Amino acid sequence: MPEALPQTDNSVGIDLGIKTFATLSNGEKIDAPKPLKKRINK
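In terms of our numbering, the sequence shown has 32 at position 1, counting the first letter as 1, and numbering is strictly consecutive.
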């Protein structure tokens, strides 16, 4: 069984999108992962 995390009064909101994979409530943007085929140099 996983260890329980301590409870806090902090929270975060996450907005999933098309251009940006996710935008957190603190303004941090996480880019969408690119398919592996595009990263492999031929």
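C-beta atoms are modelled at their ideal positions from N, C-alpha and C, and glycine is treated no differently.
Quick caveat: nothing in here was measured; it's all calculated off a predicted structure.
If you draw a straight line from the Cα of residue 54 to the Cα of residue 64, it is about 14 Å long. The straight-line gap separating the alpha-carbon atoms of residue 42 and residue 50 is approximately 24 Å. Contact check for residue 52 and residue 62: beta-carbon distance about 6 Å, within the 8 Å limit, so the pair qualifies. Where residue 47 is concerned, the enclosing beta strand (DSSP E) starts and stops at 45-47.
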